[in-house]
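Participant:
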Amino acid sequence: MKRYREVLDEVEVDGDAPVAFRWRGLRHEVVQVLGHWHEDAGWWRRSGGAVLTVERSDLWRVEVRAPSGGGIHELVRRGDGWRLDRVWD
Amino acid sequence: MGAGEVPPRFAHLRVGSTFSLRDATIPPERLPELAAAAGMDHVALTDRDGLAGTVRFVRAAARAGVAPVVGVDLAVDRERRTPSAAGGDGAEPARATLLARDARGYAALCRAVTRAHGGPRGAAVLDPDGLDELAGAGGVVALLGADSAVGRLLAHGRLDAAAVELDHWRGRFGGDTVLGVRNHRVAPGGRRVHGRADPHEPGDDVRIARTLALARRSGTTAVAVNDVRYATAEDVVVADVLRCMRLGVPLGPRHVGRTTSAAWFTDPAAQARRFRERPDLLTAAADLAERCALPFTLGEVHAPRLTGRSPSQAAAALTARTRAGLVRRLGDPADPVLARLDHELAAIDTEGLHDLFLAVADVVADVRAAGILVACRGSAAGSLVCFALGISDVDPVANGLAFERFMNPYRDELPDIDLDVESHRREDVYDLVIARYGEHRVATVGMYETLQARSAVRGVGAALGLPPEEVDHVARQLPHLRARDVRRALDRLPELAGSRLDTDRLGTLLDLVARVDGMPRHLAMHPCGILLGDDTLLGRTPVQRSAHGYPVSQFDKDDVAALGLLKLDVLGVRMLSAMRHCLDLVNGVTRQPDEPRTPTRRAADAAVPGWQDGPFTLDLVAHDDPATYDLIRSTHSVGMFQIESPGQRELLGRLQPDRFGDLIAEISLFRPGPMRADMITPYVARRHGEDEVRVAHPSLAPVLAETFGVIVYHEQVMGVLSALTGCDASEADLLRRRLGDADGQRLVHRLVRERAAERGLDRDVVEEVFADVASFAAFGFCKAHAAAFAVPTERSAFLKAHLLPEFMAGLIAHDPGMYPRRLLVEECRLFGVPVLAPDVERSGRDPDVTVVTADEGDARLGLVAARAAHLRGEDPHPHLPAGWSWPDGADDPLPPTGRDAGRRPDGTRWAVRLGLGVVAELGAQDVARLLAERPFADLFALRDRGGVARDGALALVDAGALDGLAGVGRPDGPPDRRTLRLLVEEHWSSSRRRPTVGTAQVALPLPLGSSEVGLPPQPSAARVRAELRATGVDLSAHVVGFYAPLLAALGVVDASRLREVPSGRRVRVAGIRVALQSPPQRSGERVLFLTLDDRTGQSQVTFFTRALADCAWVVRTAELVVAEGVVARRGRRGATVVGRRAWDLTRLWRAWQDGALPAALAERGTPAPHVVADRSSPGRWRDVRSDPTRSPNGGPVRGPSGGPSGGRGR
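If you read the protein sequences in the order shown, they are chains Z and W.
Numbering-wise (our numbering), the first sequence opens with residue 1 and increments by one.
Numbering-wise (our numbering), the second sequence opens with residue 10001 and increments by one.
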């Protein structure tokens, strides 16, 4: 398993779920969603703003196919931003 | 599942509400709406540790058309003392959700909850035996979720142990054992993005897979749940705060007990997305909910079998006891009375309520036997059965009270019987009730304390980890208000701007405070409700224990009424405590070691009507005693129950009661409705024959004669309706109730018109009478209520008329009324009864009564000089204290009230001696220790054994409690209290070294029991000021007396002489403000009624709107007031002053001392903070409010610093 935390600019989604994304110039296609989890940031730590919101992260563990081969990737979405966190080759 | 698919049926089976007490955020009454909106037709309420939300939930479910499922989420210790073995994480014990499948199951849940709370104080945990009992009772489903022992073992991968654990549950609950799975989308490891991962967290996918595998292997039903704690994901912040407040920890990843915010009230579609592969789990949940839909019936009356008798035995017992009771009360009851009894017994028979009456009669008898005064309040006084059984003391037949107003067969509710008892012995009454019926049949009604602004600010602030002192600052700035109003209050409270919290933090704080507003915080005991039940009680309500160990129902008073449980209200009434205190003093009874010893027990006194021999009891008080009503008519009614307020005293002056029935009318008329409608004026005019008594139709005469044609009582409204329509009293009561709203009025109007026409009544008369009835229906008062109140009113008046010293001592001890203690002391003097300072050697905790010699009596009352003049044959009047007079040829002077209640036949005087409890600085334990340790030979003994700290000792000096011990004013003692103070300061600061004899003159042992202290020295202002500070009472001299020269210069009239001043004359009155009221007026005008006490009595000043601009500020803020106005008379006795001007007396005094009186008298409205009249020496003048204890030139002192209205309420 390798950890990355790299920002993904191009992610195609169907509803909530990622269908394909471009990472390091290569298009990765999602073959199967293996897991979908949530995680909240601690709302009480953030300062600034009386409006209390919970910032939710979505974790997607997906099996992908890519020109480089494929494997299991874990993507994280926070708000509108996507990130690649982990890869199992 | 695609977008177009219909989601499967689903119902939430694990849902916490606000009654999970600081855990979840949905109010139980909102739950059914949420379910209905999500398209569910069932929903469960399963609060942590209790069933408190059940009634609200079930009622709301009926409104929303949703079937309620009732359950509870309990911590379960299945294996005894191994609470967390299964989970291994050592945090909270494993839990289970228990759902009632039927009525039997609900009863079992009630008992299980009671049992879980019955363990050692702290968290509720159901023990193994309790679990067995619950399972054995049947009708309960055990739903085991992620926080159950099974769920925890599965999460830890101990699959075999989980299977064994599940077997234990299946062994108890069989097929009613269900596994719950939830999908909160927790990732393996829990926190992955923020914070540290938890290696023990397998993630929800794994939990679900393992649970479903176990379910399959064991053949156990599995259902989808969501462990709901909040309505929407946004509300999770509130749930977090509540949880951290409950646990007393700051918000933090580990403390909120969650990593996702998925525990919201998911709709079936959202839930289906979480169980994409297993929609059958949702259907299974819906099926289980359907199986558990509880046929919960509310609103049915449950008449408990309290006495254990069969209904026929109970009926026979009730008949026998009421008949015997009537004979005891009335001798040979007349036929109408017996007919009324049969009528009532028949109605009680129909309802099957024999047991209720027998039980209450037993309780009342027990309470009486324990020496506690008890009185019946409310409509129960309308029942002859209650009268016969000794529950109430009013004869309903003689007083025209309706039984149907109390118990109406057409109304589906249990009759309310409310008992008043001595307030300080309410818990003793609880003990008696529990002793008689047993803990399994008695519980007190619950009451939930809620999160209010201040407590919420502190709790939320702590959870947010804000600096405690800053949070406290914010909390203290807030007035007591609802948390949701805090935001708005913030805008008006510039003080908060000074907080060091930045706006964001403050904003977050206040936002959260508003969102937790009003949520129940914890269960407390209702101040008066007691549930009486039979052996089924604990199957109807779960019970917890109060801090004092009393059983408390988890249901509040509304719930209890909806459940049809029988409630007895036991209200603590201070007046009864005061009357008991009086009786004990009269009879020489000592109830507690620290209560006054009884040196002055009265022998049976022929001067007290009805007292032949033996102890004096209230049963000896007969109605309509002339001396009692003479005193009432004099309007010197301070201390009399219900008729002591200034407004009531004015009404007494106009009404001039001379019998019990007049008191009932007085109490009924003195209420906002009749006041606003000015029913009083016609009533009074007709009462005194000044206006013609008019009754619209002869058939109404019997109903309205007692009130001269004015409709005053509900009973009369009923009587008139029944005269017009020919209906019976029960129906008349129902019609009366309908008159409350416009629709009902129309309906009743039509019915009355039709039936009256059938009965041949004249249409115009009917219309006129109905208009009267309709307009007065809203104002009328239940005569039975008023009559019940009038009993203690008449009795307290009797005690004041005949046993005044003891009665006043009781009042001072228990403060039952609206006036401050110092006015009660003043009232004693107005009746010729001197009040002695507390005495550390002689006083008890509470005031008692003693006898002083004629000389000491004269000295205490300031009569020495006048007596000497009288003996010399001179006119004593110039030497008499203000308000006193010396009638020609009399041996003794007359107090300002014209009544001398102090003089004894042998010339000695009754006196009231204050108790040590009056010294504010001393706590109850200090007083108890003093009483246990005395006698003290001298100050050193007091210091060494008395256990009183220096401040306490100084307060004792100031109160005068050491005058006797130290010999103040005696040749061998300190000359005054100031010197004594210095001695005490010296001794108490050198408590280790015992000074050698000779260094202090008070070290000499003093003879005990020498009551001849000599003449009290001329009281100084400083001394009175110290008394006020220590006790709240200006004991040795009235404050106003110090201002006498100025009052004379201003031409102020004594209150006692006001009635001699002709109407229309302009006068000035002065005194301490003792009451300020603003009752509603018919015109809607704002009017202030000010009562001033000037040592000769009280004067009334009324300020109408046009005077308020000039006077309101002074009247509201000054404690010593001079008022100017015009004398007005209403009625026979009352003389009031219609106020035009008002001044602060202390301010006038300063101006006078400085020669600036005219300027000060010219001031109006709100004066500038500095008096600027004397420009030549501006520095000398300061705002009088800046230093409340300062007195200019050692002269006058101000009133008590807490304000004369500082007395405790009832």
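Here a beta-carbon is modelled for each residue, glycine too, at the ideal position from N, C-alpha and C.
Excluding five sequence neighbours on each side, which residues of the same chain lie with their C-beta closer than 7 Å to the C-beta of W:Asp11054?
Facilitator: Ala10882, Gly10883, Asp11094, Thr11096
Participant: Can you name the residues of chain W whose CB is closer than 8 Å to the CB of Z:Val54?
Facilitator: Taking the beta carbon of Z:Val54 as reference, the chain W residues within 8 Å of it are Ala10233, Glu10234, Val10236, Val10237, Ser10261, listed in sequence order.
Participant: For chain Z, find out if any of its Cβ atoms is closer than 7 Å to the Cβ of W:Arg10185; answer yes or no.
Facilitator: yes
Participant: Please state whether DSSP places W:Leu10294 in a helix, a strand or coil.
Facilitator: coil
Participant: For the region 64-83 of chain Z, which residues have a beta carbon sitting closer than 7 Å to at least one beta carbon of chain W?
Facilitator: Val76
Participant: So W:Ala10562 and W:Val10055 are supposed to be a Cβ contact under 8 Å. How far apart are they, rounded?
Facilitator: 5 Å
Participant: For a test of the three-state rule: what should DSSP assign to W:Arg11182, helix, strand or coil?
Facilitator: No answer about W:Arg11182 holds up, because its pLDDT of 33 lies below 50 and its placement is not dependable.
Participant: Is it right to say W:Ser11176 is buried, meaning 16 or more other beta carbons lie within 10 angstroms of its own, or is it exposed?
Facilitator: Any reading at W:Ser11176 must be qualified, since the residue scores a pLDDT of 38, below 50, and its modelled position is unreliable; the value itself is stated next. Result: exposed.
Participant: Check W:Ile11072 in the structure and name its three-state DSSP category.
Facilitator: strand
Participant: Determine, using beta carbons only, whether W:His10200 comes closer than 7 Å to chain Z.
Facilitator: no
Participant: Put W:Gln11153 into one of helix, strand or coil per three-state DSSP.
Facilitator: helix
Participant: What are the residues that DSSP puts in a beta bridge with W:Arg11296?
Facilitator: The structure shown does not extend to residue 11296 of chain W, since chain W spans only 10001 to 11210, so no value can be given for it.
Participant: For a minimum of 4 consecutive residues, which ranges assigned as the alpha helix (DSSP H) are wholly contained in the region 10575-10624 of chain W?
Facilitator: Runs of the alpha helix (DSSP H) lying entirely within the region 10575-10624 of chain W and spanning at least 4 residues: none are present.
Participant: For the region 10146-10159 of chain W against the region 10126-10133 of chain W, do three or more pairs of beta-carbon atoms, one drawn from each stretch, fall closer than 8 Å, so that the two count as touching?
Facilitator: No, they do not touch.
Participant: Compute the Euclidean distance between the alpha carbons of W:Val11039 and W:Arg10649, then round it to the nearest angstrom.
Facilitator: So the alpha carbons of these two residues sit roughly 24 Å apart.
Participant: CA-CA distance, W:Asp10102 and W:Glu10290?
Facilitator: 11 Å
Participant: Run the CB neighbour count on W:Gln10271, radius 10 Å, all protein chains shown included, and call it buried at 16 or more, exposed below.
Facilitator: buried
Participant: Answer yes or no: does any C-beta atom of chain Z fall closer than 7 Å to that of W:His10194?
Facilitator: yes
Participant: Looking at the C-beta of W:Pro10253, does it have a partner C-beta in chain Z at a distance below 7 Å?
Facilitator: yes
Participant: Quick test of the definition: if touching needs 3 or more C-beta pairs under 8 Å, does the region 10841-10858 of chain W touch the region 10901-10919 of chain W?
Facilitator: yes
Participant: Check the Cβ of W:Gly11165 against every Cβ in chain Z and list those closer than 8 Å, keeping chain order.
Facilitator: One finds nothing in chain Z with a Cβ atom closer than 8 Å to the Cβ of W:Gly11165; even the nearest lies about 42 Å away.
Participant: What number of angstroms, rounded off, separates the C-alpha of W:Val10560 from the C-alpha of W:Thr10541?
Facilitator: 9 Å
Participant: Quick check on Z:Asp89 - is its C-beta less than 7 Å from some C-beta in chain W?
Facilitator: Chain W has no Cβ within less than 7 Å of the Cβ of Z:Asp89.
Participant: What does Z:Leu26 touch in chain W if you count any residue whose Cβ is under 7 Å from its own?
Facilitator: Residues of chain W passing the Cβ test: none, with the nearest at roughly 24 Å.
Participant: So, for Z:Glu12: in the same chain, excluding its five sequence neighbours on each side, which residues have a beta-carbon less than 6 Å away from its beta-carbon?
Facilitator: These residues qualify, in order along the chain: Val19, Ala20.
Participant: Which same chain residues end up closer than 6 Å to W:Pro10674 when comparing Cβ atoms and leaving out the 5 residues on each side of it in sequence?
Facilitator: Phe10779
Participant: Between W:Gly10857, W:Gln10925, W:Met10579, which lies nearest to W:His10802 when the distance is taken from Cα to Cα?
Facilitator: Measuring C-alpha to C-alpha distances from W:His10802 to each of W:Gly10857, W:Gln10925, W:Met10579 identifies W:Met10579 as the nearest.
Participant: Taking Cβ to Cβ, would you say Z:Leu59 is nearer than 7 Å to W:Ala10094?
Facilitator: Going by C-beta atoms, Z:Leu59 is not nearer than 7 Å to W:Ala10094.
Participant: Tell me the DSSP bridge mates of W:Phe11103?
Facilitator: W:Leu11088
Participant: Quick one: is W:Pro10805 buried, meaning 16 or more other Cβ sit within 10 Å of its Cβ, or exposed?
Facilitator: buried
Participant: Alpha carbon to alpha carbon, what distance is there between W:Arg11073 and W:Ala11160?
Facilitator: Whole-angstrom Cα-Cα distance: 20 Å.
Participant: In terms of DSSP beta bridges, what is Z:His38 paired with?
Facilitator: The partner list for Z:His38 (beta bridge, DSSP) reads Z:Asp58, W:Val10186.
Participant: Tell me the rounded alpha-carbon separation between W:Arg10903 and W:Ala10961.
Facilitator: 25 Å
Participant: Cutting at 8 Å between CB atoms, please list the residues of its own chain near W:Ser10989, excluding the five before and the five after it.
Facilitator: Arg10950
Participant: Given the structure, does W:Leu10131 come close to the ligand ADP, in the sense that its CB is under 6 Å from one of the ligand's heavy atoms?
Facilitator: In terms of ligand content, the structure shown is empty, and the ligand ADP therefore cannot be addressed.
Participant: Going by DSSP, what residue range makes up the beta strand (DSSP E) through W:Asp10544?
Facilitator: Reading off the sequence shown, one finds Gln at residue 10544 of chain W, where the question assumed Asp. Segment 10543-10545, the beta strand (DSSP E) holding W:Gln10544.
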